[in-house]
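Below you'll find the structure, written out as structure tokens, and then a few comments.
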Amino acid sequence: MDQPDMTQGEVVTPSLPETPVVEDRTRRDSSRLHEHTDKGLEACSVHAWFGKHHALADVSLHFPENTVTGLIGPSGCGKSTFLRLLNRMHEFIPNSAMAGDVFLDGQDIYGAKVNPADVRLKIGMVFQKPNPFPSMTIEENVLAGLKLAKIKTSDKEALLEDCLVRAGLWKEVKDRLKAAGASLSGGQQQRLCIARALAVKPNVLLMDEPCSALDPGSTLRVEETIVQLSETMTIIIVTHNMQQAARVSDYCAFFLSDGGPGQLIEADLTSNMFSNPSDKRTADYVQGRFG
Amino acid sequence: MVEPSPAQVKAITVVRSTGDKVFRGIMTAGGLTSLVVLSLIAGFLLYRGFEIFSDFGFSFLTTSEWNSGIDDIGTDARMGVAAMLVGSIVIAVIAIVIAVPFAMGVALFLEYYAPKRLRNVLTAILDLIAAVPSVIYGIWGYVVLMPLVVQWSKTLNDYLGWFPLFSVPAPIFERSPFVAGILLSIMILPITTSVTREVYSRAPKDQIDAAYALGGSRWGGIRTVVLPFGRSGLVGGAMLGLGRALGETIAVFLVLNLVFKVNFNILSSAGGNVASLIATRFGEASRYELKGLMAAGLVLFILTLIVNAIATAIVNRSARGVA
Amino acid sequence: MSQEPALMVQPRRPWRHPAQNALTVTVIFTLSALGGAAVTAPTGLAGNLGWFVSFIACAIIVSWIAGRFRSKVAAADLVATVVIGAAAAAVVIPWTSLIYTVISKGSKVIYSGWFTTDMSVTAADDVFTVGGVSHAIVGTLIIISIATLISVPIGIASAVYIVEIRGRFSPLVRFLTQAMSGVPSIVAGLFIYSTLVILVFEKFNALAGAFALSILMLPTVARTSEEVLKLVPDDLRSASYALGASQVSTTFKVTLPTVRSGLVTAAVLGVARIAGETAPLLLTSLYLVSFSTDLVGKPMATLPTYTFGNLQIGTENAVARAWGGSLTLLALIFVLFLIARLLAGRGPGK
């Protein structure tokens with residue numbers, strides 16, 4: 073990868089205290105959503121187009137390390153588009169385009185010499201519908217990323233167990249690792265997909281409505297998993313479920329489209345967003361008056 | 027919830043008008059035509075060839091000789107389709123082995139690599155090529171393809187001649203099963219490609235996305251998701267091609283030398299083919315030999331029917347997503 | 004919130020690297036071409052094709068090395084791209100050769116009288132300024148028309164049975180229709196020979212040929228019509244039934260007219276399927292050197308049997324005439340396909 077491309081002319085705050093990773097979570101502060109650091113994931117004035125259709129306009133947001141950020145808003149407001157811009161999945165749609173920059177640990181992920189596959193290794197993704205590879209066993213599913221990215225590991229067994237434990241699935245499947253991935257229940261499949269995403273050791277995990285296809289019990293299990301994972305990685309989750317956003321996220325960002333491109337209306341600590349939003353539209357949405 | 031008593035249950039009966047009844051009758055008759063025609067074909071070929079089956083029994087399938095005897099009632103006759111049947115299968119297998127990798131390549135290219143405009147052009151060409159008559163393939167195969175294949179055959183024989191499949195009793199390479207197989211592979215490519223492509227296009231997009239999200243390349247997505255998903259469809263497409271290849275007559279007739287002896291030296295100028303046998307012998311056949319040809323036709327009919335039924339079942343199953 | 008007009012921002016596509024891609028392609032192409040030549044020149048592999056094969060082999064090696072500069076994943080991806088692209092390019096070669104050969108060889112014998120004269124006073128070996136294929140064109144058209152008249156109504160009825168009536172045998176009918184599409188053409192010919200030619204007419208004639216071809220045409224028409232009928236939305240049928248229409252009038256006045264152009268396409272595709280069939284005609288309608296419209300009394304010439312017959316004669320001029328027949332036949336099928344595509348391009352109901 074090349075050197076950080078800081079063409080924006082922003083000055084990195086030099087006095088930023090180098091706090092240990094674990095303590096990071098304690099410093100929750102809405103100002104962190106707008107700071108510029110060379111840590112974590114940051115979007116700067118990001119736009120997205122599908123052909124001529126301008127889907128997302130001018131979103132700037134910083135995702136501090138080891139936090140959970142919920143992206144909320146009604147359907148069609150550009151949250152999922154934004155999410156897919158963050159790990160370069162947006163470009164698979166024919167005729168799509170973008171503007172702005174996205175930095176991961178200070179490096180421009182849209183830089184000229186950056187390999188998009190490497191970006192997606194660092195920034196994993198879990199999808200709306202559980203999508204384990206049906207031709208593979210549970211074990212093969214978890215390790216699929218290694219094969220796809222041709223990564224060698226010394227101890228596959230340990231990695232397999234570690235990923236399944238962190239995804240909260242180990243106890244349920246440890247005796248049938250050779251069973252087909254598709255033989256699991258929907259909630260288990262989704263946690264298998266999380267384990268699969270963890271196996272390539274991403275720094276950031278993007279989740280696109282990961283619970284929308286699951287029953288309440290499974291949803292709860294996945295939410296527990298998310299909270300545990302956020303101790304060691306940055307998580308960004310798109311959700312339509314206000315309670316879920318309140319339960320799992322440290323920060324929230326509210327997106328809205330007024331007929332034009334989707335925009336970021338407000339981003340703050342989750343507690344502030346739900347108790348004391350600064351924008352009236354946010355208040356209306358989180359209290360369920362529309363959307 | 028009160029359970030309805032049996033007296034309350036009333037079946038919905040449909041009273042159809044006479045017009046509707048007649049209409050349904052005619053359409054049902056139309057639908058059952060295929061059943062009638064298929065049974066008639068089997069029935070008549072069996073009826074016409076019955077004498078042959080009763081004269082030779084099972085040895086009709088195991089004998090390679092084709093001697094229709096000295097008169098119209100088949101005195102001293104000894105007939106069997108073993109060499110022709112084996113030859114048909116050898117040629118069809120050569121065709122499939124060559125066509126399937128190319129069909130996979132073209133299907134993947136059309137579905138996942140080609141820009142939209144190129145895809146439309148290629149699909150149109152594919153459709154048109156699929157309709158080129160076999161007699162044209164035959165003349166082109168004889169005039170243009172065969173000299174080339176003879177050259178390759180010589181090279182193959184030079185380097186791999188020690189291997190029985192590529193050895194030849196005499197250095198004549200024209201009109202060999204290899205030539206016929208390559209020509210057939212070109213002929214069945216369109217159908218095999220279009221079936222394969224149809225199946226590949228149904229590969230689940232969300233799983234391909236998952237492969238990309240795991241740091242996979244385009245090829246990674248294809249290998250992890252598309253190929254396993256399309257495996258049974260590919261088998262079905264190959265079987266459909268096999269059915270076509272088994273039944274092909276005129277093109278094979280023009281580029282294959284029929285010899286009534288089971289032969290696995292695919293480069294040598296001696297092969298067999300049931301359909302070509304019928305076309306070759308039909309014009310000058312005695313009444314008894316004609317019955318033999320009918321019997322051979324029945325064997326071919328049943329063979330292709332089985333291959334096609336299996337292929338159809340596989341393709342339909344994979345089309346429903348039970349990959 | 005910034006309300007600056009978004010139009011100031013220029014969309015970009017940082018994932019596209021046209022210059023880099025062009026460079027990669029050029030490098031791979033040049034190196035492989037040189038490599039291919041280097042392999043072909045001393046060993047004398049089979050000419051252009053040998054060059055093509057070694058070119059692809061070199062391209063695979065070069066692209067793997069080029070990809071390795073980035074990563075193993077990129078190397079595998081690049082190799083796969085080259086292999087898949089090469090497969091697509093390779094299959095175009097025989098098709099191009101086939102079309103080119105038919106046109107270049109076929110056009111040599113076609114002159115003004117080609118479409119207006121027959122072969123009744125001309126021998127296959129005569130010069131190319133006499134004789135033609137008018138009899139074969141007319142014969143082909145007659146036999147195809149009769150086959151169409153037989154198989155289109157039955158094929159559509161079969162589709163209506165599956166889609167509209169949804170009778171007890173629908174799965175069976177669909178399965179048998181598909182199985183029937185695999186009946187070898189020579190078997191269809193043999194069947195008609197053993198029934199119509201021997202038992203009914205007691206001679207080879209055009210009608211028998213038409214029946215043999217209709218066996219081959221029926222599955223194509225039935226399957227395409229089925230696909231077309233399935234596209235009719237159920238609302239349309241429900242609306243008709245709600246007006247008190249019977250199934251007959253719903254089918255004939257609503258459903259079928261809606262997909263008229265689709266059904267025509269089905270018929271044209273069926274015609275294209277049989278237009279070039281040779282083997283069944285050799286057993287049924289045979290061949291005739293002269294112009295004839297007699298359906299029952301005598302054999303009839305067709306373009307495929309004309310081509311095949313001249314090919315069998317085998318002399319230089321006869322083979323040249325066979326190429327002419329091929330070109331005429333190919334042109335006929337091409338025109339039919341053009342019609343089918345034009346009709347298919349229009350939506351249902353137009």
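Residue numbers (my numbering), protein chains in the order written: chain A, 73 to 363; chain B, 27 to 349; chain C, 4 to 353. All residues carry an ideal CB built from backbone N, CA and C; glycine is no exception. Since this is a predicted model, take the numbers as computed values, not measurements.
query, result
"Local conformation of Ile198/B per DSSP, three classes", "coil"
"The alpha helix (DSSP H) enclosing Lys118/B, as first and last residue numbers", "As written in the sequence, residue 118/B is Ala, which differs from the Lys given in the question. Ala118/B -> alpha helix (DSSP H) spans 108-134."
"Interface partners of Asp46/B on chain C, CB under 7 angstroms", "Ser249, Gln250, Val251"
"Boundaries of the alpha helix (DSSP H) in which Tyr185/B is found, first to last residue", "172-186"
"Local Cβ density within 10 Å of Pro86/A, reported as buried at 16 or more and exposed below that", "Low per-residue confidence applies at Pro86/A: pLDDT is 43, beneath 50, and the placement is therefore not dependable, though the value from the model is reported in the following sentence. Classification for Pro86/A: exposed."
"Inter-stretch contact at 8 angstroms, needing at least 3 Cβ pairs: the segment 174-191 of chain C / the segment 118-132 of chain C", "no"
"Amino acids of chain B, ordered along the chain, whose beta-carbon sits closer than 8 angstroms to that of Arg276/C", "Ala157"
"Touch test, the segment 290-310 of chain B against the segment 187-203 of chain B, Cβ-Cβ under 8 angstroms, three pairs minimum", "yes"
"Where Ala334/A sits in the DSSP three-state scheme", "The identity of residue 334/A in the sequence shown is Gly, whereas the question assumes Ala. DSSP places Gly334/A in strand when its eight states are reduced to three."
"Chain-ordered neighbours of Glu163/A on chain C, where CB pairs are closer than 9 angstroms", "Arg16, Pro17, Trp18, Arg19"
"Exposure label - Tyr185/B; buried when at least 16 CB within 10 Å", "exposed"
"Where Val71/B meets chain A, residues with beta-carbon distance less than 7 angstroms", "Correcting the residue identity first, residue 71/B is Leu in this sequence and not Val. Those within 7 angstroms of Leu71/B in chain A number zero; the least Cβ separation is about 43 angstroms."
"Contacts that Trp166/B makes with chain C (C-beta to C-beta distance below 9 angstroms)", "Pro97, Ser100, Leu101, Thr104, Val105, Ser329"
"Coil, strand or helix - Ile309/A by DSSP", "strand"
"Three-state secondary structure assigned by DSSP to Gly240/A", "coil"
"Whole-angstrom distance between Ser173/C and Val166/C, CA atom to CA atom", "8 angstroms"
"Chain B within 9 angstroms of Gln179/A, Cβ atoms only", "no"
"Beta strand (DSSP E) segment containing Thr141/A, residue limits", "140-144"
"Reduced DSSP secondary structure (H/G/I, E/B, other) of Ile113/C", "coil"
"Below-9 angstroms beta-carbon distance, Thr219/B vs any chain A residue", "no"
"Short CB-CB distance (under 9 angstroms) between Leu220/A and chain B", "yes"
"6 angstroms Cβ shell around Ser35/C - same chain, five flanking residues per side excluded", "Phe58, Cys61, Ala62, Val65"
"Reference Val237/A; option with closest CA among Val214/A, Met170/A, Ser207/A", "Val214/A"
"Residue-chain proximity (Val190/C, chain A), Cβ-Cβ < 9 angstroms", "no"
"C-beta atoms of Val94/C and Trp166/B nearer than 9 angstroms", "no"
"Identified DSSP bridge partners for Trp92/B", "Met105/B"
"Cβ separation of Phe308/B and Ala68/B, assumed to be a contact under 8 angstroms, to the nearest whole Å", "20 angstroms between Cβ atoms; not a contact."
"Ser60/B classed as buried or exposed, judged by whether at least 16 other C-beta atoms fall within 10 angstroms", "buried"
"Rounded straight-line distance, which links the Cα of Arg270/B to that of Ile214/B", "7 angstroms"
"Contacting positions in the segment 131-147 of chain B - beta carbon closer than 9 angstroms to chain A", "Lys142"
"Closest by C-alpha distance to Met170/A, when choosing among Phe154/A, Leu176/A, Ala216/A", "Phe154/A"
"Cutoff 6 angstroms; reference Asp96/A; Cβ partners in own chain excluding five residues on either side", "Unreliable placement is indicated for Asp96/A, whose pLDDT of 43 sits below 50; the coordinate value is still reported in the next sentence. Contacts found: Glu137, Asn138."
"Nearest candidate by alpha-carbon position, reference Ser160/B, set Asp102/B, Lys287/B, Ile304/B, Thr275/B", "Thr275/B"
"One or two residues paired with Ile195/A in a DSSP bridge", "Val276/A"
"Min CB distance Arg73/C to chain A below 9 angstroms", "yes"
"Partner residues on chain A for Val251/B, Cβ-Cβ distance less than 7 angstroms", "Phe205"
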